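Novice: This structure is in structure tokens; I'll ask about it shortly.
Residue numbers (full-length UniProt numbering): 1 to 172.
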């Protein structure tokens with residue numbers, strides 16, 4: 001049960017009575033204590049210290065707790081560092097696999113386009129045997145000219161990005 005004590009203050013030459021409320025800190029419904037129990041890790045660290053409460057001074061206890069917590073934090077940081085490096089390696093592996101998958105898709109698309117161009121060449125050869133001359137313009141057949149100019153596509157491997165620009169590989 002909280003006790004109400006009185007105190008006196010002087011204000012403009014008049015003494016006023018001030019009420020002071022002092023809560024009983026041992027009551028369970030007080031908010032100064034944490035309602036959450038301490039973690040199992042913290043409890044384990046404290047019990048592993050084996051501190052004799054009767055003979056050990058409070059400053060020594062504080063230093064022991066601080067050292068034990070620092071060792072625990074160092075261990076956690078080391079474990080976290082190892083986990084982060086493993087995560088980084090896995091992310092790099094995923095990136096490499098994505099690049100390989102994109103390269104395979106590009107190669108398959110190029111093969112399909114080569115096959116399509118090959119079938120277009122055979123149809124254009126049969127068109128050359130016809131009496132009307134034809135020419136390719138933007139992959140469409142136009143019968144207005146004798147020549148058959150074709151567009152040459154330069155194939156280059158996918159390069160790495162260097163400072164935001166693509167680095168094209170030199171072909172000979």
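We put the beta carbon where it would ideally sit given N, CA and C, even for glycine.
Please read all numbers here as calculations on a predicted model, not as lab measurements.
Identify whether residue 16 lies in helix, strand or coil by the three-state DSSP scheme.
Specialist: strand
Novice: Residue 45 and residue 69 look like a contact to me (Cβ under 8 Å); what is the Cβ gap, rounded to whole Å?
Specialist: 6 Å
Novice: What did DSSP end up calling residue 51 once you bin it into helix, strand or coil?
Specialist: In the three-state DSSP reduction, residue 51 falls in the coil class, being neither helix nor strand.
Novice: Would the beta-carbon of residue 51 fall within 8 Å of that of residue 61?
Specialist: yes
Novice: DSSP on residue 81, reduced to helix/strand/coil?
Specialist: Residue 81: helix per DSSP, three-state reduction.
Novice: Whole angstroms are fine: how far does the CA of residue 24 sit from the CA of residue 18?
Specialist: 19 Å
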